[in-house]
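The block underneath contains the structure these notes are about, expressed in structure tokens.
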Amino acid sequence: MRVDLQPLSIMIDDADIAEWMNQGLPADQTSYENAAILIYCLRWPLMVDPQGQGLRWIKNLFTDKLVTLRYNSKGYLDRVEAAVRRGDTLLLECVEENIDSILEPIINRNLIRKGKIVKFGDKEIDYHPNFRLIMQTRLANPHFRPEIQAQTTLINFSTTRDGLEAQLLAEIVAVERPDLEKSKFEVTKQQNEYKINLKKLEDSLLARLATAEGNFIQNVELVVTLERTVNTSLEIEQKKIEAEKFSQQIDRTRELYRPTAIRACIIYFIINDLSKIHPMYQFSLKAFRSVFLKAIDYAEQSEDLRIRIDNLIDAITFASYSYIVRGLFEEHKLIFTIQLLLQILTEKGEIDMVELDLLLRNPQEAHAGSPVEFLNEKAWGSIKALSLLQIFHGLDRDIETSSKRWKKYVESEAPELEKPPGEWKSKSTMQHLCILRAVRPDRMLYALKLFIAEKLGKKYIESRTPDFARTYEESSKSIPMFFILSPGVDPLKEVETLGKKLGYTSQAGKFYNISLGQGQEIVAENALEISAKEGHWIVLQNIHLVRHWLPILERKLERILETGQENFRLFMSAEPSADFSTHVIPQGILENSIKITNESHT
Numbered sequence: 004m005r006v007d008l009q010p011l012s013i014m015i016d017d018a019d020i021a022e023w024m025n026q027g028l029p030a031d032q033t034s035y036e037n038a039a040i041l042i043y044c045l046r047w048p049l050m051v052d053p054q055g056q057g058l059r060w061i062k063n064l065f066t067d068k069l070v071t072l073r074y075n076s077k078g079y080l081d082r083v084e085a086a087v088r089r090g091d092t093l094l095l096e097c098v099e100e101n102i103d104s105i106l107e108p109i110i111n112r113n114l115i116r117k118g119k120i121v122k123f124g125d126k127e128i129d130y131h132p133n134f135r136l137i138m139q140t141r142l143a144n145p146h147f148r149p150e151i152q153a154q155t156t157l158i159n160f161s162t163t164r165d166g167l168e169a170q171l172l173a174e175i176v177a178v179e180r181p182d183l184e185k186s187k188f189e190v191t192k193q194q195n196e197y198k199i200n201l202k203k204l205e206d207s208l209l210a211r212l213a214t215a216e217g218n219f220i221q222n223v224e225l226v227v228t229l230e231r232t233v234n235t236s237l238e239i240e241q242k243k244i245e246a247e248k249f250s251q252q253i254d255r256t257r258e259l260y261r262p263t264a265i266r267a268c269i270i271y272f273i274i275n276d277l278s279k280i281h282p283m284y285q286f287s288l289k290a291f292r293s294v295f296l297k298a299i300d301y302a303e304q305s306e307d308l309r310i311r312i313d314n315l316i317d318a319i320t321f322a323s324y325s326y327i328v329r330g331l332f333e334e335h336k337l338i339f340t341i342q343l344l345l346q347i348l349t350e351k352g353e354i355d356m357v358e359l360d361l362l363l364r365n366p367q368e369a370h371a372g373s374p375v376e377f378l379n380e381k382a383w384g385s386i387k388a389l390s391l392l393q394i395f396h397g398l399d400r401d402i403e404t405s406s407k408r409w410k411k412y413v414e415s416e417a418p419e420l421e422k423p424p425g426e427w428k429s430k431s432t433m434q435h436l437c438i439l440r441a442v443r444p445d446r447m448l449y450a451l452k453l454f455i456a457e458k459l460g461k462k463y464i465e466s467r468t469p470d471f472a473r474t475y476e477e478s479s480k481s482i483p484m485f486f487i488l489s490p491g492v493d494p495l496k497e498v499e500t501l502g503k504k505l506g507y508t509s510q511a512g513k514f515y516n517i518s519l520g521q522g523q524e525i526v527a528e529n530a531l532e533i534s535a536k537e538g539h540w541i542v543l544q545n546i547h548l549v550r551h552w553l554p555i556l557e558r559k560l561e562r563i564l565e566t567g568q569e570n571f572r573l574f575m576s577a578e579p580s581a582d583f584s585t586h587v588i589p590q591g592i593l594e595n596s597i598k599i600t601n602e603s604h605t
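In our numbering, the protein residues as written are 4 to 605.
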């Protein structure tokens with residue numbers, strides 16, 4: 004048995020992967036495995052697909068043979084019934100955690116009467132043997148009922164680092180070197196087609212040999228056909244080798260831009276985790292891509308490729324930072340920025356993971372009591388824990404024997420602006436932070452800001468109020484603006500001021516301002532339709548007050564934001580939830596909007 008045998012190679016071959024890549028499947032191992040599972044699983048697949056990449060591939064895979072239907076859309080159950088009767092392949096998009104129980108007999112394939120009938124609600128319907136169901140959810144971390152998990156095959160299509168890195172690399176090379184990316188696309192497509200054609204020829208050859216009757220050596224027609232097939236196969240194999248050589252030449256140049264894609268990938272996955280801090284912090288891959296591509300255009304040009312790449316990395320980092328922090332509360336901005344810095348330094352290999360662990364955990368070591376009066380019991384426990392490591396060996400003894408110098412440092416008004424005394428001055432910034440956290444944790448906030456300024460630049464710690472007029476330029480008919488409300492701040496004034504300047508006023512019939520509450524949903528829907536059609540501005544205030552209507556709004560916006568007139572603009576506002584359990588704003592609304600927080604500084 005081969006030591007390097009991969010289970011995936013038993014299910015699929017290079018030709019399958021090549022065809023899937025042509026259909027838009029991301030080029031990474033996890034995606035290949037997901038695709039194979041989806042095609043060969045016995046239970047109906049349920050895709051966890053927050054970025055929609057699996058959805059795009061499925062639509063290309065089945066093309067016109069696919070019936071696409073959004074879960075809970077108007078009349079969707081009637082269309083599900085029709086698909087079951089006809090034997091369609093049904094793609095049910097955006098399913099929710101609590102899947103309607105009426106679908107369970109279909110999901111579980113509870114067939115009755117010799118497998119020809121299935122119960123659907125209060126009736127029994129014909130079940131076509133060719134019927135196939137594929138479900139998809141955009142929820143990043145769904146909690147489906149145990150019975151749903153048991154009845155389906157859960158497949159995680161969430162974007163992987165390798166997959167996203169490859170996509171972002173292709174996008175940046177397409178902008179910087181369109182000739183190169185075009186050649187890469189064409190040669191990759193050629194390689195895929197060669198693999199597919201070779202597989203077809205092999206299958207054809209085996210089929211002819213298997214069906215040949217009598218002495219096939221004397222069958223002139225068969226021998227000629229086989230010889231032609233072998234020659235064609237050899238020609239394709241030679242072309243495949245040449246294409247691979249050319250592809251390697253292209254890749255050597257493309258690889259020069261990889262640091263840019265790596266940086267963007269790091270930033271995206273940090274952004275993707277922000278929802279763990281607060282449920283309002285939802286950002287889509289589509290929105291991030293838009294920021295990424297704009298940053299490439301804004302980056303300073305240079306004929307020196309190394310300088311250009313450094314400029315691209317700086318531009319992408321700061322553009323992403325600026326896009327995100329304007330939608331974060333003050334208390335979370337430093338968390339995001341320090342996480343960004345630590346991830347960047349980790350990727351560069353400039354951080355010792357043991358030291359990072361010390362900084363984050365600030366462990367305590369048991370001791371008999373602090374021998375110096377300027378350090379309390381907890382601080383001395385931290386010093387003893389640090390002293391166990393070789394890099395901090397002798398720190399505890401030095402503090403005892405040189406207590407005068409250490410007392411001056413510890414009791415300094417701003418110790419983060421100084422270096423620890425004696426031999427500890429020569430330690431790295433990270434090591435200084437570990438010591439400072441042990442002896443003066445109250446100054447860590449200021450120390451971290453200095454650390455950020457040192458490594459990333461002062462612009463990453465400067466406090467700035469979002470410029471609404473500038474932010475508005477980033478919006479479009481398909482990208483709304485979403486204000487996360489704070490007490491004492493009224494963002495509507497800025498919207499009205501800019502609207503007046505640009506000619507969008509209620510007096511001119513081009514500005515609608517609707518404060519949501521009981522009975523205002525129909526008014527809002529009508530105003531949305533008119534605004535989208537005529538290219539007007541509309542403000543929907545306090546949407547958190549109409550929780551029951553928000554799923555309807557989310558579905559309506561999916562259509563309106565794509566079909567609206569170019570000048571159409573939508574502004575929404577809502578109060579943030581106190582915790583995750585009371586959060587009501589749909590993920591789709593938050594992900595596709597530019598988020599702005601304006602907190603009162605009084």
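Glycine included, C-beta positions come from ideal geometry on N, C-alpha and C.
Fair warning: this is a prediction, and the values are worked out from it, not measured in the lab.
Could you compute how far the alpha carbon of residue i sits from the alpha carbon of residue j?
{"i": "residue 436", "j": "residue 334", "result": "21 Å"}
{"i": "residue 397", "j": "residue 390", "result": "6 Å"}
{"i": "residue 159", "j": "residue 29", "result": "13 Å"}
{"i": "residue 64", "j": "residue 223", "result": "40 Å"}
{"i": "residue 37", "j": "residue 162", "result": "12 Å"}
{"i": "residue 593", "j": "residue 486", "result": "10 Å"}
{"i": "residue 40", "j": "residue 17", "result": "16 Å"}
{"i": "residue 106", "j": "residue 188", "result": "42 Å"}
{"i": "residue 472", "j": "residue 453", "result": "31 Å"}
{"i": "residue 583", "j": "residue 572", "result": "29 Å"}
{"i": "residue 354", "j": "residue 318", "result": "23 Å"}
{"i": "residue 4", "j": "residue 245", "result": "Caution applies to residue 4, whose pLDDT of 44 falls short of 50 and renders its modelled position unreliable; the model cannot decide the point."}
{"i": "residue 255", "j": "residue 464", "result": "37 Å"}
{"i": "residue 579", "j": "residue 488", "result": "7 Å"}
{"i": "residue 117", "j": "residue 109", "result": "15 Å"}
With burial defined as no fewer than 16 other Cβ atoms inside 10 Å of the residue's Cβ, what is the status of residue i: buried or exposed?
{"i": "residue 302", "result": "buried"}
{"i": "residue 445", "result": "exposed"}
{"i": "residue 91", "result": "buried"}
{"i": "residue 462", "result": "exposed"}
{"i": "residue 147", "result": "buried"}
{"i": "residue 539", "result": "buried"}
{"i": "residue 565", "result": "exposed"}
{"i": "residue 356", "result": "exposed"}
{"i": "residue 431", "result": "exposed"}
{"i": "residue 591", "result": "buried"}
{"i": "residue 150", "result": "exposed"}
{"i": "residue 683", "result": "Residue coverage of the chain in this structure runs from 4 to 605, which leaves residue 683 outside it and unanswerable."}
{"i": "residue 588", "result": "buried"}
{"i": "residue 233", "result": "exposed"}
{"i": "residue 639", "result": "This structure leaves residue 639 out entirely; the chain is present only between 4 and 605."}
How far does the alpha helix (DSSP H) with residue i in it extend, from its first residue to its last?
{"i": "residue 412", "result": "406-413"}
{"i": "residue 12", "result": "10-14"}
{"i": "residue 583", "result": "Segment: none, residue 583 is in no alpha helix (DSSP H) and carries neither H nor E."}
{"i": "residue 485", "result": "Per DSSP, residue 485 belongs to no alpha helix (DSSP H); it is in the beta strand (DSSP E), 484-487."}
{"i": "residue 528", "result": "524-537"}
{"i": "residue 363", "result": "356-364"}
Could you please give the first and the last residue of the uninterrupted beta strand (DSSP E) stretch that includes residue i?
{"i": "residue 49", "result": "47-51"}
{"i": "residue 71", "result": "69-73"}
{"i": "residue 66", "result": "From DSSP, residue 66 is part of no beta strand (DSSP E); its letter is neither H nor E."}
{"i": "residue 598", "result": "597-600"}
{"i": "residue 515", "result": "514-518"}
Quiz item: Residue ranges of each beta strand (DSSP E) run of no fewer than 3 residues wholly in the stretch 252-293, ordered along the chain?
Solution: none
Exercise. Could you name each continuous beta strand (DSSP E) segment of 3 residues or more that falls completely within the stretch 540-572, going from the start of the chain to the end?
Key: 540-544
Practice problem: Go through the stretch 96-146 residue by residue and report every complete run of the alpha helix (DSSP H) that reaches 4 residues or more, in order. | Solution: List check, alpha helix (DSSP H) in window: 107-111.
Practice problem: Mind the definition here: the stretch 382-389 touches the stretch 296-312 only if three or more C-beta pairs lie below 8 Å; say whether that holds. | Solution: no
Practice problem: Would you mind listing the beta strand (DSSP E) stretches within the stretch 143-208 that are 3+ residues and don't spill past its ends, in chain order? | Solution: 155-159
Quiz item: Within the chosen definition, does the stretch 465-480 reach the stretch 563-579 through at least 3 CB pairs nearer than 8 Å?
Solution: yes
Quiz item: Does the pairing of the stretch 134-151 with the stretch 257-271 give three or more beta-carbon distances under 8 Å?
Solution: no
Quiz item: Do the stretch 172-180 and the stretch 69-80 make contact, defined as three or more Cβ pairs closer than 8 Å?
Solution: no
Self-check item: the stretch 512-521 / the stretch 539-553 touching (three or more Cβ pairs under 8 Å)
Solution: yes
Quiz item: Can we say the stretch 195-204 touches the stretch 53-72, given the rule of at least three CB pairs closer than 8 Å?
Solution: no
Practice problem: Kindly provide the ranges of any alpha helix (DSSP H) runs that are 4 or more residues long and lie completely inside the stretch 432-490, ordered along the chain. | Solution: Entirely contained in the stretch 432-490, the alpha helix (DSSP H) runs reaching 4 residues are, in chain order, 432-442, 447-458 and 471-475.
Quiz prompt | Cβ contact (3+ pairs, closer than 8 Å) linking the stretch 40-50 and the stretch 140-156 | solution = The stretch 140-156 and the stretch 40-50 touch, with three or more beta-carbon pairs separated by less than 8 Å.
Quiz item: Are the stretch 275-293 and the stretch 325-341 in contact at 8 Å, needing three or more beta carbon pairs?
Solution: yes
Quiz item: Should the stretch 362-380 be called in touch with the stretch 407-424, which here means at least 3 C-beta pairs below 8 Å?
Solution: yes
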